[in-house]
Each structure stands twice: as structure tokens, then as C-alpha cells.
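Everything on this sheet refers to the single structure shown next.
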Amino acid sequence: MKIFSIAKSRRLRSSPYTSRIEKQGVTAYTAYNHMLLPSAFGSIEDSCDHLKKNVQIWDVAGERQVEIIGNDSSKLVQLMTCRDLSKSKDGRCYYCPIIDDKGGLINDPIILRLNINRWWISVADSDVILFAKGLAIGKKFDVEISEPDVNILAVQGPKSFKLMENVFGNEITKLKFFGFDYFEFKGTRHLIAQSGWSKQGGYEIYVENTNSGLELYDYLFEAGKEFDVKPGCPNLIERIESGLLSYGNDMDNNDNPFECGFDKFINLDSDIVFLGKENLKKIKLDGIKRKLMGVQIDAKEINVSGSIDLNDENNLKIGELRSGCYSPHFGKVLGIAMMKKPFWEVSQIVKIQINNQTFDGKVCDLPFI
Ligand code: THG
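Residue numbers (the numbering used here): 2 to 370.
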């Protein structure tokens, strides 16, 4: 495979951790929210295996925060999501589809309620800040919207719990999944949530004080030696096996949240006000015509850039593969595909061309594990 490098510039922002991960052997980047996001440290198979057994530190500063402060902040946040946040609590994270007036998906962030007049929208790769500002201007809302200098460090893997307890003390073990609180490291408070873009367990440290964060970064590697800590990043294999969706890859603005399987985060029955509510009601009534599903393919490798057609026995298109990778655990290629009705049923046979060869696969539920 030909190796290209990435041209850095002000537009493609580095993170405070970039110089560290480059010393530690990052081998590939992707762009995420106009920022460098590491995508490999050597073999992703080896990294996946390590993540499932040990602990990794990830530079996920690309998961930017859109901060919304002010008297109308709750109103604005609710306007952007179809998930009912009327009973939300301070110190909790909420996975929320953000949708436009048509019901098209804009993003799938985690929303943190810092207090009733201060929210962080921890966004996937799309410009939510511009959407939020446009709405606030149009609605003449009393809010301030900014992208604060917050750079998340994720600590992921089964041994993350012990490592974080050793660094932050026993208090951190009381944190529940998707709960957050402040914990001290050498006199500086850091917002830490029990969350992360893997299903191996762990935490995310929302670093606001960069100097302390860099000291913490180095300290985590020192204290993590006994747990075989390694640098890592969101892992393509692990996230597909776990069915964690990636905005821009698996779904985008042309898809609605029902098609993406977000049903449990769509609240149409309460009297909350959000964009696209009437259209979502109509979509629900009419029923969707396609749906994101898993596919398992009897192949040894795949490289998905763009999307790849999935056909039936008669070579008619029945869906499109949007992400995929070879999973050593399954011994197959696993993929996330938008399947047309009625071909989204589990066990539906699919045909796919990879490097001019035809392979068989079948549809299955997400997550794979
Ligand atoms: N952490 C933070 N910000 C983020 C991500 C993150 N922003 C971008 C992107 N990731 C947002 N997408 C997701 C997708 C899934 C999950 C989190 C962020 C996730 N899902 C759990 C699951 O599917 O089991 C739990 C969902 C729930 O039940 O509420 O964790 O990773 N800070």
C-alpha cells in the first residue's frame, strides 16, 4: 500500500497531545471537527486485542465541545434534539440525535448538563456550532455559544478502572455510567465522565487546564505501567463489533434517526419543542424504507472508502455498506450497512464485490457483540 502523509496547517488543528502521540508512534490520522484525530498506532488488530485486555490512553480532543450558556440555553439545546431532556439532571451525559427541521440527522453528540443554564454538546464530526448559532440568532435567544478549549483524554479498557482509582482515588469508583463529576489531580480539578467510544469500559477526562492535562497525560503512562498501558485511539474493529455508530460514515444528514435505530432517543409524545418534530411524526406514521443493520461477510479483508453496494442473488442493489473491517474475533468482515426494506431482515443474503471478486454475506442485528 502506498503511504501518504497528511499536510498540517492551521485549518487542520493539532491537539495539545499531538507532539506526545507522535513520539509514541501514531501511524495514521483522520480529520475530525477540523482537528487531527489519531486513527492507528501500528496494527489495528493488535490495538483492538490490547484494548480488550488492558488500558489505553486516547487523544480524542477532536470531540469538541459546543458550550451553550444563558437563560435560554435549555430551550436551545432541547430545540436541537428529539430526545426529551426535560427531566435531565446536572452531572449526567445524554446521547442525543441532533436533527434539522426535516428530521435529517445533523450529529449524534453526547450532551452534558453542567447546570440548567450551562451545557456542553460533545460533538461528532459536523459543524454543530454554526447550526446552534444560526438558531439562536433566528430565535433571538439569550445565549452565548462558543467552542471552549477543552481537550478530551479517554482512558479505555478493562484496566482503566483500577488505573483511574490509583490516580484519582477511591471516589472515582462511585461514578456511574454516563455520570460525571470533578476530580482533583495535583491541585487541579478535572471534569471526568464514565464514558468513551468503546464498549471496553472507561472514562473521559475533559481537560480544560492544558498544563495540568499534559502533566496528567504523562502521569497516566507512568502509573499505567503495571497495567501495560499503551497509547491508542478509537479502534475501527472494536467500534464496529460494538455497534458504535460514526456520524459521516454510517449516517449523515440524508438519514433520519429512525433509520439509524435511534428509536429510544426519539420522544414524540411529550410537549417538548424541537425542530423536525412534525416531520418525525410523519416518518413514524409512514414507516421507514431503509435501516442501518449489521452485515457479516465471508471475506478476509475490506477497505471501505465511500460506500459499497450490497446486491441480492439477481444483482439488484438492496443496500449499501458504509463501514467495514475484518474482525479477527469473528473471522469475517463485519460491516454497518443501510439496507432497503424488506431486505433488512436478519439472515437476508447479500452479495458484495471486493477487488473484483464476489463474496457472500448475511444481515444481522447491531451490535455484533
Ligand atoms: N465521547 C464524547 N464525545 C463524543 C463521543 C464520545 N462525541 C462524538 C461521538 N463520540 C458521539 N457518538 C457516540 C456514539 C455512541 C456513544 C457515545 C458517543 C455511546 N453509546 C453507548 C452505547 O451505544 O451503548 C451508550 C448510549 C446510551 O445508552 O446512552 O457511548 O465517545 N465525549
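Glycine is no exception: its CB is placed at the ideal position from the N, C-alpha and C atoms.
Inter-residue CB distance, residue i and residue j (contact presumed, cutoff 8 Å)
i	j	result
G325	L317	So it is not a contact: roughly 21 Å between Cβ atoms.
M81	A133	7 Å
P235	V61	7 Å
M339	R291	5 Å
F331	F369	7 Å
L77	A137	6 Å
C97	F266	6 Å
S75	I107	Actually they are not in contact, since the Cβ atoms of S75 and I107 sit about 19 Å apart, beyond 8 Å.
For residue i, the residue or residues it bridges with in DSSP
i	result
Q354	T359
Y18	DSSP output for Y18 lists no bridge partner at all.
W59	A155, G233
I111	Y96, S123
P39	Y30
I70	R119, E145
I337	G295, S324
L80	None, per the DSSP bridge assignment.
C365	G295
heavy atom of the ligand THG below 7 Å from residue i C-beta
i	result
L367	no
A62	no
L379	No statement about residue 379 is possible, as the shown extent of the chain runs from 2 to 370 and does not include it.
I111	yes
S161	no
G197	yes
V124	yes
F179	yes
L245	yes
Y96	yes
Residue i to residue j span [Cα, whole Å]
i	j	result
R12	N34	10 Å
T189	Y183	10 Å
D73	I146	11 Å
L215	L269	44 Å
L311	N255	19 Å
D299	G362	6 Å
D143	D102	21 Å
R323	S348	19 Å
Q57	E68	28 Å
L276	D91	24 Å
I206	A194	7 Å
D109	N167	32 Å
L113	G63	16 Å
Y204	P232	15 Å
Q201	F162	11 Å
I45	E209	30 Å
CB contact check: residue i to chain D, cutoff 8 Å
i	result
I319	Within the model displayed, chain D is absent; a lone protein chain is all it includes.
Continuous beta strand (DSSP E) assignments of at least 3 residues falling wholly in the stretch 254–327: 291–298, 309–312
Contiguous alpha helix (DSSP H) assignments of at least 4 residues, all confined to the stretch 115–151: 129–140
Those runs of the alpha helix (DSSP H) which lie wholly inside the stretch 143–220 and span at least 4 residues: 161–169
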